[in-house]
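Number of protein chains: 4
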Amino acid sequence: MSHNSFGKLFRVTTWGESHGLAIGCVIDGTPPLLELTEADIQPWLDRRRPGTSRFVTQRKETDQVRILSGTYEGQTTGTPISLLIENVDQRSKDYSAIAETFRPGHADYTYHSKYGIRDPRGGGRSSARETACRVAAGAVARQVLGPSITIRGALRRIGEHGVEDADWDWDAVGGNAFNCPNEAMAAVWEDYLDGIRKAGSSVGAVIEVHASGVPSGWGAPVYGKLDGDLAAAMMSINAVKGVEIGAGFGAANLRGEDAADEMLPGNDGPNFSANHNGGVLGGISSGQDIVVRFVVKATSSILIPRRSVDKTGAATEVVTKGRHDPCVGIRAVPVGEAMMACILADHMLRHRAQMGA
Amino acid sequence: MSHNSFGKLFRVTTWGESHGLAIGCVIDGTPPLLELTEADIQPWLDRRRPGTSRFVTQRKETDQVRILSGTYEGQTTGTPISLLIENVDQRSKDYSAIAETFRPGHADYTYHSKYGIRDPRGGGRSSARETACRVAAGAVARQVLGPSITIRGALRRIGEHGVEDADWDWDAVGGNAFNCPNEAMAAVWEDYLDGIRKAGSSVGAVIEVHASGVPSGWGAPVYGKLDGDLAAAMMSINAVKGVEIGAGFGAANLRGEDAADEMLPGNDGPNFSANHNGGVLGGISSGQDIVVRFVVKATSSILIPRRSVDKTGAATEVVTKGRHDPCVGIRAVPVGEAMMACILADHMLRHRAQMGA
Amino acid sequence: MSHNSFGKLFRVTTWGESHGLAIGCVIDGTPPLLELTEADIQPWLDRRRPGTSRFVTQRKETDQVRILSGTYEGQTTGTPISLLIENVDQRSKDYSAIAETFRPGHADYTYHSKYGIRDPRGGGRSSARETACRVAAGAVARQVLGPSITIRGALRRIGEHGVEDADWDWDAVGGNAFNCPNEAMAAVWEDYLDGIRKAGSSVGAVIEVHASGVPSGWGAPVYGKLDGDLAAAMMSINAVKGVEIGAGFGAANLRGEDAADEMLPGNDGPNFSANHNGGVLGGISSGQDIVVRFVVKATSSILIPRRSVDKTGAATEVVTKGRHDPCVGIRAVPVGEAMMACILADHMLRHRAQMGA
Amino acid sequence: MSHNSFGKLFRVTTWGESHGLAIGCVIDGTPPLLELTEADIQPWLDRRRPGTSRFVTQRKETDQVRILSGTYEGQTTGTPISLLIENVDQRSKDYSAIAETFRPGHADYTYHSKYGIRDPRGGGRSSARETACRVAAGAVARQVLGPSITIRGALRRIGEHGVEDADWDWDAVGGNAFNCPNEAMAAVWEDYLDGIRKAGSSVGAVIEVHASGVPSGWGAPVYGKLDGDLAAAMMSINAVKGVEIGAGFGAANLRGEDAADEMLPGNDGPNFSANHNGGVLGGISSGQDIVVRFVVKATSSILIPRRSVDKTGAATEVVTKGRHDPCVGIRAVPVGEAMMACILADHMLRHRAQMGA
């Protein structure tokens with residue numbers, strides 16, 4: 001058991017605080033002889049990096065990753081891969097005022113309540129900075145999965161403005177500041193978020209991640225379900241309050257004749273009439289796309305004062321000064337992809353352990 | 001690693017197929033000197049049991065539990081508790097026709113795809129019958145948690161008919177056939193489900209589970225989050241397609257000033273202005289009620305024929321004969337409660353391992 | 001984590017007390033489509049069973065195993081295999097006197113000290129009866145390993161009388177009451193143990209287990225070492241006080257030029273000049289025979305009175321009445337074989353998870 | 001599951017190759033509010049460090065440890081502790097010749113056989129350099145255990161020269177180059193090892209580690225036994241071929257009346273007439289000293305040529321040039337102590353998880 005690890009066979013352990021010397025992770029169980037250098041990881045980190053538009057925090061982090069172990073001459077050796085990212089933007093003074101105060105909606109109070117101590121600099125361990133390690137691990141997971149599996153994420157919704165299936169265009173995702181799969185909606189979001197940002201507020205979002213090319217048969221009953229592990233993985237991302245597979249909560253309204261994706265003769269396994277089950281049946285992949293959705297709440301680090309208490313229990317007020325993030329969901333897209341990649345890599349290894357191929 | 005276990009320190013391993021000789025579970029890690037006899041477990045099983053109204057399957061299972069180990073003179077000894085429930089209604093003939101066919105929306109195809117073999121009798125391992133073991137384990141978990149923690153579940157929604165917060169009445173839950181927290185809505189559901197049942201169809205549902213009395217501080221960053229474990233636990237229940245904590249997917253629409261539950265001075269820890277976070281901040285309990293919601297899809301075992309394929313890949317049609325379950329969500333309520341109890345018992349032990357009390 | 005489980009991918013959880021209703025185990029992770037019926041397990045249990053000669057306890061246990069789940073029409077399905085052995089010789093009265101007393105050399109005191117409660121009937125969970133579950137699991141593990149791997153055990157030593165390598169004859173093992181690999185030594189042991197038995201005493205023994213046909217490459221650095229897991233597995237058997245691989249403690253006296261088994265060109269991997277390393281180098285199998293030895297102490301359930309204390313801490317005397325076991329090591333041979341089989345099956349699955357074959 | 005982690009609740013994951021950029025470990029599960037700075041760890045590393053006498057390798061490693069995470073203002077925060085030790089003596093050229101050759105008695109062949117690739121520089125992951133991480137983790141474990149538990153190790157035997165119990169003097173251990181608990185024997189060893197060193201050879205050794213002050217009740221049946229975990233931990237140390245608890249293999253010769261340590265009334269739990277069981281009964285600590293012994297084989301990195309094969313399978317000869325280690329067991333003493341500390345810290349947390357204190 002480890003509070004800071006996930007995965008069973010492709011196992012990732014992360015460590016580090018937002019404003020400590022460094023953050024990093026150790027990845028154990030990777031098969032040998034895979035190509036892996038820093039150049040395979042850095043692009044994914046660059047995509048997650050803060051400071052790339054006015055809609056995400058302007059914190060300056062270069063997030064340069066170094067591989068400290070587990071490779072030899074550009075290939076994995078099967079031994080643990082240690083990745084290290086130094087913290088360069090350690091402006092601890094910005095956070096000194098909050099050391100005595102619990103920010104509402106953050107983990108300040110619960111960490112203090114549990115441990116009796118917390119690293120107040122930038123949220124310490126509870127900072128979203130930790131997700132850089134997930135993205136780095138996800139890059140390694142993609143090497144494990146190989147080119148036949150494609151993992152893509154996009155922002156499905158910001159506040160009340162969501163993209164419908166009919167308007168979904170994967171090719172649009174890279175062309176705007178929001179990971180938005182629809183150009184017109186990206187323009188709507190731009191105005192919308194500018195308004196929220198100027199109001200000193202923030203708003204929630206829904207992220208959707210697809211994995212294509214996953215063969216049928218990955219996963220396991222009953223507590224090793226692929227969707228169970230995906231649910232835990234996505235829920236473990238900062239600020240996530242819900243996870244769906246396939247039709248998700250929409251399944252409440254579906255009749256049995258609609259919820260059951262019909263099977264039709266196909267060339268390589270059955271064809272399905274729909275994908276309400278999000279590519280998972282009984283915890284095992286069906287060969288359809290794996291479709292996961294998760295919701296990220298609005299950050300409470302906003303310019304609008306909120307009531308709170310300090311360490312002594314006395315009433316106080318908390319307000320964030322300077323830069324703030326109007327929609328943290330934007331940066332959660334590559335994180336969601338990374339978690340999908342890690343969970344799939346883990347289940348790929350778990351599947352062949354039991355099945356032999 | 002075990003595909004059929006969950007929990008780290010309060011650890012439950014279940015086994016058994018729907019129409020095998022028996023089902024059961026082994027519970028490891030239970031503290032000693034807790035009162036535990038079959039009488040502490042049986043009432044919870046009775047509540048989950050099929051055949052108690054016309055809205056749930058009429059399969060006859062007495063679900064009598066026997067404690068085979070781990071207690072002495074009515075007390076737990078700290079050694080593994082083995083629970084056994086014999087299968088008495090093994091009408092295998094009902095299912096013989098489907099041995100060669102994959103039921104759409106069920107795990108038939110994915111099990112076959114993974115293992116090359118499946119127990120076709122009543123769904124085998126993928127049957128909802130497995131959830132009886134969860135309920136039994138949940139009863140043991142309640143003994144671990146003690147009387148200061150209350151776990152309650154109810155049906156929040158059936159199809160398009162949901163109960164609003166303002167109409168919620170915990171006392172109503174036991175007074176109808178639906179675990180419905182509102183008497184008027186129960187009447188609506190009765191008509192609604194009768195219609196669905198007569199149409200040979202089925203519909204989905206949303207279950208909500210609350211835990212009161214959980215102290216602040218349970219859970220852990222980052223992959224040992226209380227809500228991450230709850231998400232996996234609920235998603236592992238048959239037919240579940242989504243899990244929410246607190247505001248859940250509704251958090252997408254909330255502004256930062258609304259999503260952050262404000263903290264106010266209180267007598268025993270802070271008071272909170274609301275509970276949008278469902279009692280969990282940063283993966284650690286805040287002292288508020290833990291609030292989890294999950295959606296159960298409509299069963300595809302219906303009287304309406306659906307297209308499918310057989311083992312050879314050829315087209316066929318599947319239709320359920322005789323009794324069927326118009327809303328499997330009804331029986332999922334005690335299962336959701338049990339999973340909540342098990343996860344909390346596990347985190348109680350995990351918390352005191354690290355913190356000493 | 002589970003105190004009562006071992007193995008990572010071929011995972012065995014045992015439960016049950018010596019004089020409870022039954023004992024049993026759940027085996028998770030077994031590949032599907034292996035032949036498995038009770039007839040594959042029962043012969044191994046029969047070999048371990050008490051009451052087969054005057055040198056082992058005369059307790060009457062038929063040890064009939066039943067498979068409750070995980071197979072269909074004589075084949076494994078990949079789901080958990082639940083095995084149950086009912087306890088038929090529950091002569092609890094024999095043990096009633098010791099409920100208040102701690103038997104020296106037994107776990108009575110430490111269980112009481114830890115749990116504040118213990119099942120005093122026949123040693124409860126600490127009874128060697130638990131090893132029947134290991135033997136049953138070992139039979140399943142042999143099916144996983146297949147016919148190319150041979151696992152054999154024998155008694156290397158009883159008290160001061162040991163069998164030398166030069167006198168070792170595997171074919172002799174089945175021909176005497178001691179699992180002795182040398183007929184002449186079996187005769188010596190017969191006299192020797194008769195003397196010890198008549199003196200009301202007991203003596204220790206050393207068991208040796210070999211596995212042939214294990215390919216090179218199983219195991220892993222650094223805490224997943226094959227020999228590390230074997231050490232834990234053997235040490236977990238009742239009354240074991242030491243475990244060796246290859247030359248074992250004899251390696252203390254070896255010079256570097258002798259301890260290093262030289263490698264010579266071979267047809268299928270290298271040939272080795274010797275096997276001082278017991279088939280394991282750096283935690284990974286070398287293709288040589290895996291050779292493990294462990295020591296079992298003399299049971300303290302003897303006819304000679306020993307000083308002890310009771311629950312109140314007051315001085316008392318303990319003496320075993322009736323039947324006793326002059327050398328519990330004899331029955332440990334099939335248990336050691338079973339643990340070897342289980343650990344190898346686990347590492348076979350672990351190896352192919354990472355390596356793909 | 002992780003091949004490179006050990007412990008369940010006090011969980012250590014190590015990474016790094018002998019001649020890579022760095023080695024390190026991540027320690028998860030440490031309670032908060034413990035004093036911890038580099039000054040608490042460095043002295044233990046200094047004791048293990050090479051190059052401190054002519055009897056150990058002259059490799060120059062300063063082994064300076066840095067704490068990268070998990071502490072704040074000199075105290076643990078309960079989050080993962082990342083420790084890093086940079087490799088400064090990366091003389092890769094010394095080892096370049098062996099990249100194509102398998103050193104007999106080393107893991108070269110088995111790593112190659114498993115992974116198809118290995119880092120040949122200084123043994124890569126299989127190097128004893130990895131044990132520095134164990135020692136660092138052990139220092140953290142000692143902080144967890146607190147001052148009431150004392151862990152001490154010594155060299156019991158080198159080759160044929162062993163220290164008897166009657167001659168054992170803990171105070172002598174620090175006064176010689178061998179961790180020898182007897183001054184006269186240290187002088188014998190000095191001559192003896194000089195001879196072996198000059199002959200270009202090496203020899204094995206036995207290390208003994210004691211833990212005093214461990215309360216009764218730590219550990220668990222049946223596969224969570226304290227001695228089972230200690231056996232795995234010690235066997236996982238490089239070159240170890242056997243592990244004993246208490247009387248160990250000597251228990252083979254003991255009669256039941258001698259093997260059973262009698263219990264006598266005591267002030268704080270019973271007194272025992274002896275400690276043949278090494279402080280563990282039924283896998284649970286008895287309150288007596290925990291006594292563990294393990295054997296380290298002679299290194300095969302010697303000046304005497306040995307036959308081997310190269311990657312193509314062709315015959316070759318291997319001989320170590322320059323400095324060599326006549327008895328690697330000397331440096332294994334602090335490693336054995338560290339493993340004892342880690343296992344005890346883990347069981348301390350495991351005990352209070354289930355028992356509540």
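Residue numbers (my numbering), protein chains in the order written: chain A, 1 to 357; chain B, 1 to 357; chain C, 1 to 357; chain D, 1 to 357. Backbone N, C-alpha and C define an ideal beta-carbon position, used for all residues, glycine too. None of the values given here were measured: they were computed from a predicted structure.
- [ ] Just tell me which of 74/C, 341/C and 62/C has its CA closest to the CA of residue 23/C.
- [x] 62/C
- [ ] Report buried or exposed for residue 267/D, applying the criterion of at least 16 other Cβ atoms within 10 angstroms of its Cβ.
- [x] exposed
Task: Short CB-CB distance (under 8 Å) between residue 70/C and chain A - done: no
- [ ] Report yes if the CB atom of residue 144/A is closer than 8 Å to the CB atom of residue 30/A, and no otherwise.
- [x] yes
TODO: Name the residue from 6/D, 217/D and 194/D whose alpha carbon lies nearest to the alpha carbon of residue 56/D.
DONE: 194/D
- [ ] Measure the Cβ-Cβ separation of residue 313/B and residue 215/A and say whether it is below 8 Å.
- [x] no
Open item on the list: Measuring only the C-alpha atoms, how far is residue 151/B from residue 142/B?
Closed with: 9 Å
TODO: Tell whether a beta-carbon distance below 8 Å holds between residue 281/C and residue 107/D.
DONE: yes
- [ ] Give me the Cβ distance between residue 220/A and residue 350/A, rounded to the nearest whole Å; I'm assuming they're in contact under 8 Å.
- [x] 7 Å
Task: Proximity winner among 103/C, 333/C, 7/C and 242/C, relative to residue 178/C (alpha-carbon distances) - done: 333/C
Task: Positions along the segment 6-28 of chain D whose CB lies within less than 7 Å of some CB in chain B - done: 9
TODO: Helix, strand or coil for residue 114/A, going by three-state DSSP, please let me know.
DONE: helix
Open item on the list: Check whether chain A comes within 8 Å of residue 142/C, counting only Cβ atoms and requiring the distance to be less than that.
Closed with: no
TODO: Work out the CA separation of residue 237/A and residue 138/A for me, nearest whole Å.
DONE: 13 Å
Open item on the list: I'd like to know whether the C-beta atoms of residue 262/D and residue 308/C end up nearer to each other than 8 Å.
Closed with: yes
TODO: Sort out for me which residues DSSP pairs residue 235/C with in a bridge.
DONE: Partner(s): none; residue 235/C has no beta bridge.
Open item on the list: Within 10 Å of its beta-carbon, does residue 154/C have 16 or more other beta-carbons around it, so buried, or fewer, so exposed?
Closed with: buried
Open item on the list: Is the separation between the beta-carbon of residue 118/B and that of residue 111/B shorter than 8 Å?
Closed with: yes
TODO: Answer with buried or exposed for residue 49/B, where buried requires no fewer than 16 other C-beta atoms within 10 angstroms of its C-beta.
DONE: buried
- [ ] Please name the residues in the segment 248-265 of chain B whose beta-carbon is closer than 7 Å to at least one beta-carbon of chain A, in chain order.
- [x] 248, 249, 251, 252, 253, 254, 255, 256, 257, 259, 260, 261, 262, 263, 264 and 265
Open item on the list: Buried or exposed for residue 60/C, going by 16 or more other Cβ atoms inside 10 Å?
Closed with: exposed
TODO: Establish whether the CB of residue 223/B and some CB of chain C are separated by less than 8 Å.
DONE: no
Task: CA-to-CA distance, residue 335/D to residue 302/A, given in whole angstroms - done: 51 Å
TODO: Alpha carbon to alpha carbon, how far is residue 71/C from residue 206/D? Give it in angstroms, no decimals.
DONE: 48 Å
TODO: Return the chain-ordered ranges of every beta strand (DSSP E) run that is complete within the segment 94-181 of chain B and spans a minimum of 3 residues.
DONE: 150-158
Task: Minimum Cβ-Cβ distance from residue 350/A to chain C less than 8 Å - done: yes
TODO: State the Cα-Cα distance for the pair residue 185/B and residue 124/B, rounded to the nearest angstrom.
DONE: 35 Å
TODO: Can you give me, in chain order, the residues of the segment 179-213 of chain C that have a beta carbon less than 8 Å from any beta carbon in chain A?
DONE: none
TODO: Would you check if the segment 284-302 of chain D and the segment 321-329 of chain C touch, i.e. whether three or more CB-CB distances between them fall below 8 Å?
DONE: no
- [ ] Pull up the distance between the alpha-carbon of residue 17/C and that of residue 129/C, whole angstroms please.
- [x] 8 Å
Task: Minimum C-alpha distance to residue 64/B - residue among 256/B, 203/B and 132/B - done: 132/B
- [ ] Within the same chain, show all residues whose beta-carbon is closer than 7 Å to that of residue 13/B, passing over the 5 residues directly before and after it, in chain order.
- [x] 2, 4, 5, 25 and 26
Task: Helix, strand or coil at residue 44/A [DSSP, three-state] - done: helix
Open item on the list: Whole angstroms are fine: how far does the CA of residue 32/A sit from the CA of residue 78/A?
Closed with: 4 Å
TODO: Please report how far the alpha carbon of residue 10/B lies from the alpha carbon of residue 356/D, in whole angstroms.
DONE: 13 Å
TODO: Output, in sequence order along the chain, the residues in the segment 119-134 of chain C whose CB is closer than 8 Å to any CB in chain D.
DONE: 125, 126 and 130
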